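For the sequence shown, the numbering used here assigns the number 3 to the initial residue and increments by one for each residue that follows.
Ideal Cβ positions, reconstructed from N, Cα and C, are used throughout, including at glycine.
Because the structure is a prediction, the values reported are computed rather than measured.
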Amino acid sequence: MAERTGAARVGIVCGSRSDFSVMEKAVEMLGRLEVPCELHAISAHRAPDLLFRFVAGAEGRGIRIFIAGAGGAAHLPGVVAAKTILPVIGVPIPTGVSGGLDSLLSIVQMPKGIPVATVAIGGAENAALLAAEILALSDPALRDRLRAFREAQTHGIEDDESNANLRAEP
Ligand code: RP5
């Protein structure tokens, strides 16, 4: 388990350690926004009882949102969503099947009544940003950090050398 300082507010879980290279991007983004999180590898198929224990204990530990990533027969985000009413954001992990189309369809095609907010294939950064935006609804300081992130992102593009001739007159 990876952990940032302070009680984790976002629980990140993925189906295998082989997913860590994608899911670490969510850890990194949340770290940048100063949102404590934890990262676990727990397969919904290979260790369902452990997954249920993780989900059942998470809210009591301070988790407010889950980010769940899986590849192939990617049932993990849906199974997490089935066991909690906290928001669940699904990250389809890239695979050898059309770049991860199998993962995407497995995660996005949830039955009505059990939602999973699904981001793009490999879109762990956006999963982290969406989680932060949800938390920011009741956290003004985090709202400010998100605004600062957006502004820095915009300035990075405006300041790019390729756009030098488009800059406004001083
Ligand atoms: C899924 O199967 C995992 O989420 C991973 O993306 C994929 C392959 O897992 P490993 O065989 O690498 O453990 O459950």
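Quick check: does the Cβ of residue i come within less than 8 Å of any heavy atom belonging to ligand 2?
| i | result |
| --- | --- |
| VAL57 | The ligand content of the structure shown is limited to ligand 1, which means ligand 2 is not among them. |
Suppose the cutoff is 6 Å on Cβ atoms and the five residues either side in sequence are ignored; what does the same chain contact list for residue i look like?
| i | result |
| --- | --- |
| LEU35 | ALA134, ARG147 |
| GLU127 | LYS27, MET31 |
| LEU106 | PRO94, ILE123 |
| GLU160 | none |
| ASP21 | GLY71, ILE95 |
Going by C-alpha distance, which of the options is nearest residue i?
| i | options | result |
| --- | --- | --- |
| PRO117 | ILE123, SER108, GLY125 | SER108 |
| ILE101 | VAL121, LYS85, GLY73, VAL110 | For the record, residue 101 in the displayed sequence is Gly; it is not Ile. Per the Cα distances, GLY73. |
| GLY13 | ALA138, THR156, ALA130, ARG145 | ALA130 |
| PRO113 | THR156, GLN155, ALA143, ALA84 | ALA84 |
| CYS39 | LEU137, ASP104, HIS157 | LEU137 |
| PRO50 | GLY33, LEU106, GLY17 | GLY17 |
Throw me the rounded Cβ distance for the residue i and residue j pair, which I believe falls under 8 Å.
| i | j | result |
| --- | --- | --- |
| ARG66 | LEU88 | 6 Å |
| GLY71 | VAL24 | 6 Å |
| LEU132 | VAL121 | 7 Å |
Can you find the residues in the same chain that come closer than 8 Å, C-beta to C-beta, to residue i, ignoring five residues on each side of it along the sequence?
| i | result |
| --- | --- |
| VAL15 | LEU41, HIS42, ALA43, ILE44, LEU53, PHE56, PHE68, ILE69, ALA70, GLY71, LEU78, VAL82 |
| THR86 | VAL57, ALA60, GLU61, PHE68 |
| ARG19 | ALA43 |
| LEU144 | LEU35, GLU36, VAL37, ALA134, LEU137, ALA138 |
| ARG11 | VAL37, PRO38, CYS39, GLY64, ILE65, ARG66, ILE67, LEU137 |
Excluding sequence positions up to five away, which residues of its chain have a Cβ less than 7 Å from the Cβ of residue i?
| i | result |
| --- | --- |
| VAL99 | none |
Using a Cβ-Cβ distance cut-off of 9 Å, determine whether residue i contacts chain D.
| i | result |
| --- | --- |
| ILE65 | Among the chains of the structure shown, chain D does not appear; only one protein chain is present. |
* Asked: Residues with a Cβ closer than 6 Å to any heavy atom of ligand 1, in chain order?
  -> The set of residues with a C-beta under 6 Å from any non-hydrogen atom of ligand 1 comprises CYS16, GLY17, SER18, SER20, ASP21, SER45, ALA72, GLY73, GLY74, ILE95, given in chain order.
* Any contact of the region 84 to 100 with the region 9 to 28, i.e. 3+ C-beta pairs under 8 Å? -> Contact between the region 84 to 100 and the region 9 to 28 is present, because at least three Cβ pairs lie under 8 Å.
* Does the region 36 to 47 come close enough to the region 68 to 81 to have 3 or more Cβ pairs within less than 8 Å? -> Yes: at least three Cβ pairs fall under 8 Å.
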